[in-house]
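Following the working numbering, the numbering of the sequence shown begins with 831 at its first residue and continues without gaps.
See below for the structure under consideration.
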Amino acid sequence: MKVDTYWENLFHQSEPHQIGVVKASGKLVNQDRLSAIVEGFNELDNEHDIILPLVIGGGPQYDKLPAFQNSSKVNGIRITNEALLDELVPAAKQNLDYVVDAFQENNIEAVAMPFSVFRTVPHGVEINDSGERINTGYVGDVLHVDTAPIIDAIHDGKVPVISHLGQDNTGQVYNINATPAAADLVKSLDAYKLILLGDTAIKDSKGDKISEIRSKVTLNKLIADNVIKDGMKLNALEAYQLLEQMGYGRSVQITTAENLVAELLTDGAGTIIRMPYIIQTYSRPEAFSKHHGIENITNLFNEGFVHRGEQLMENYWKGHSINESHPINKIYVDAGKTSGAVMRDFYGIKIMCKLSTHPDIQGSGLGTQIMERIALDYPEGYMGRTKTEDNNSSIQFYEKFLNSFKGNELHKAGMFTGAEKVKNYWIFGVNIDKDKFDQYKAKFANLAPTITECSRIYK
Ligand SMILES: CC(C)(COP(=O)(O)OP(=O)(O)OC[C@H]1O[C@@H](n2cnc3c(N)ncnc32)[C@H](O)[C@@H]1OP(=O)(O)O)[C@@H](O)C(=O)NCCC(=O)NCCS
């Protein structure tokens, strides 16, 4: 299996507890289904040195509990009285032990986490359809997560197995919804991914898998066009809610137990729902940091290029002839300050003259998001260039981008989106009139260089 560059970078630079969290629905806690999860964890541990926390939801094991059978739901929440809680506690412990044993039998070290990792407060009252106030009893919401035992387990090479029960500061146990609790865990660990196992990927109305949903706008459009409907619509909306809870730059991935490893390490086997990054715009480089002048924005761009052995020319922002003839029109930077692009005026058209993402974040979709945002902001299209040199793997990025852009709703019929090699450059156009592209491509290739070799090269 070929591991994605983005993940390779993350593995090298993140703490082991920052990779992600797996949540398995309780219906996977049986011999047949659990073996697929165990296999996946085994491969992650042995071949990639990755250990993920596993949160186990409630499942069919509870159906036969008498108090469970007598219980009811309000607004999708299971009202949990004392009798039900008394039955849930041993049943949830049994589930944890069952999962831990399954791991141990396959020579993977695992440890059941105490309920207190989810520090809980009472959920309180829900208002039902008839306007009545219904007390949900011992249903809890996560106040915060005690990450210490989870991080310890991961650092000790053991899979932390976590239940959907939490505790308040007096030790009172509460029943919590495992999925949002797993999202809280992602946030508390400052991890990147929440992988929901057990459900099928999101499918369109024809039954074809939707691999990626990159924003709320895309999701709303898929729903409005009836591409996603009924139960799939609810799954997708719920997943997006989790994403909003976790924050930008993170992802929710929905897949089956069999696809866990592929989901984590490759382009994915299920549906990935991403929270788009926040993109800021600036009209001049000095405005980026009042305190540090242009140093910060220079570093931001150089971080991406230094791995290519290059950096911005010293006079890129001031003093380079490009600033006289082709002034900056807009600078795009994500709020996390890890990726940026510079747009310039060029004989009446717009050119992208620099695009860079910090190596830690490369492959997470930022470059694509910025390129798409620029396509939205410049309806008349734009051009860009990159050197045709062996050390410049960004051509692969642009090829991917241009190919997928052509199948995207932002692509304009009749306009050119593609690339041509001109002299030492690879010149590309996005949504641009082809005659203009042909008219300016040679001029663009002749434009004086704006990056130069740098001494600082690291891997
Ligand atoms: C080119 C660059 C800006 C792309 O930014 P990014 O934020 O990593 O882009 P995305 O995350 O949107 O990547 C989209 C896809 O391109 C791939 N990709 C990104 N950079 C790549 C690179 N340098 N080599 C090969 N593939 C790359 C990603 O893996 C991802 O693939 P996937 O969709 O199969 O997962 C970034 O790689 C970079 O800063 N490179 C160094 C500076 C540079 O060369 N700039 C452009 C020259 S002007």
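C-beta atoms are modelled at their ideal positions from N, C-alpha and C, and glycine is treated no differently.
Just so we're clear, the structure is a prediction, and the values are computed from it rather than from any experiment.
Note to self: Taking the alpha-carbon of S1113 as reference, which of I1281, P883 and K1160 has the nearest alpha-carbon?
What the structure shows: K1160
The alpha helix (DSSP H) with Q1083 in it runs from where to where?
That residue, Q1083, is in no alpha helix (DSSP H); its beta strand (DSSP E) goes S1081 to T1085.
Which word fits D875, buried or exposed, when buried means at least 16 other C-beta atoms lie within 10 angstroms of its C-beta? buried
Nearest residue (CA-CA) to V919, options F898, N905 and E939: F898
So for R1215, helix, strand or coil by DSSP?
Note: R1215 maps to strand in three-state DSSP.
- Which term fits V955, buried or exposed, when burial requires 16 or more other beta carbons within 10 angstroms of its beta carbon? exposed
**Asked** Closest to H953 by CA distance: which of V972, K923, N937 and V947 is it?
**Response** V972
Query raised in the report: Does the segment 1015-1028 touch the segment 846-854, meaning 3 or more C-beta pairs lie closer than 8 Å?
Result: yes
Original post:
Would you call the segment 1191-1210 and the segment 1167-1174 touching, i.e. three or more CB-CB distances under 8 Å?
Top reply: yes
Checklist entry - Which runs of the alpha helix (DSSP H), 4 residues or longer, sit entirely within the segment 901-950? => result Fully enclosed alpha helix (DSSP H) runs of 4 or longer: 912-935.
How big is the Cα-Cα spacing for S855 and E1239? 35 Å
Legend entry - Length of the line joining the Cα atoms of L1064 and D916: 31 Å
Check for me: the beta strand (DSSP E) holding T1282 runs from which residue to which?
Where T1282 is concerned, the enclosing beta strand (DSSP E) stretches over I1281 to E1283.
Contiguous beta strand (DSSP E) assignments of at least 3 residues, all confined to the segment 944-992 = 948-952, 955-957, 963-965, 970-975 and 989-992
Q. Cβ of K1273 versus every heavy atom of ligand 1: is any distance shorter than 8 Å?
A. no
Original post:
What's the gap between the Cα of L895 and the Cα of L995?
Top reply: 16 Å
Using beta-carbon positions only, say whether N1254 and A1275 come within less than 9 Å of one another. yes
- Message: Just checking H847 against ligand 1 - is the residue's beta carbon closer than 8 Å to any of the ligand's heavy atoms?
- Response: No, the beta carbon of H847 sits no closer than 8 Å to any heavy atom of ligand 1.
Exercise. Using 10 angstroms around the beta-carbon of I1108, count the other beta-carbons present and answer buried if the total reaches 16, otherwise exposed.
Key: Per the 10 Å Cβ criterion, exposed.
What is the residue span of the alpha helix (DSSP H) that N1126 lies within?
E1125 to V1136
Along the chain, where does the alpha helix (DSSP H) that runs through K1273 open and close? Its alpha helix (DSSP H) spans residues K1264 to N1276.
**Request:** Could you spell out where the alpha helix (DSSP H) holding I849 opens and where it closes?
**Result:** That residue, I849, is in no alpha helix (DSSP H); it is neither H nor E in DSSP.
By Cβ distance below 8 Å, which residues in the same chain neighbour V1260 in space, the five residues on each side in sequence not counted?
Contacts found: M1201, I1204, A1205, G1211, Y1212, M1213, G1214, L1232, F1235 and T1247.
| For M1062, the first and last residue of its enclosing alpha helix (DSSP H) | D1060 to M1076
### Message
For C1284, which residues in the same chain have their Cβ closer than 7 Å to its Cβ, ignoring the five residues on either side in sequence?
### Response
V1136, G1139, E1140 and Q1141
- [ ] Thinking I1006 and I1032 are a contact (beta carbons under 8 Å), I'd like their distance in whole angstroms, please.
- [x] The Cβ separation is near 25 Å, so there is no contact.
ask   = Who are the Cβ neighbours of L1026 in its own chain at under 6 Å, not counting the five residues just before and after it?
value = K853 and I1084, listed in sequence order.
Q) For ligand 1, is there a heavy atom less than 8 Å away from the beta-carbon of T1086? A) no
Quick check: what's the CA-CA separation for K1289 versus H1156? Because the pLDDT of K1289 is 40, which lies under 50, any placement of that residue in the model is unreliable, and the question is left without a value.
Inset, instruction - Return the Cβ separation of I1124 and P1115 in integer angstroms, given the expectation that the two are a contact with Cβ distance under 8 Å. - result: 5 Å
### Task
Throw me the rounded Cβ distance for the V989 and I881 pair, which I believe falls under 8 Å.
6 Å
- Query: Got a sec? Which residues, its chain only, sit under 7 Å from M1245 by beta carbon, not counting five neighbours each side?
  - Reply: Same-chain partners within the cutoff: G1211, N1261, I1262 and D1263.
S825, buried or exposed, once every other Cβ within 10 Å from all chains shown has been counted against 16: In the structure as shown, the chain starts at 831 and stops at 1289, and residue 825 therefore has no counterpart that could be examined.
Using a Cβ-based criterion (distance less than 8 Å to any ligand heavy atom), does R1138 qualify as near ligand 2? Ligands in the displayed structure: ligand 1; ligand 2 is not one of them.
Three-state secondary structure (DSSP) of L840 = helix
Rounded separation between Q1075 and I1152 - CA only: 44 Å
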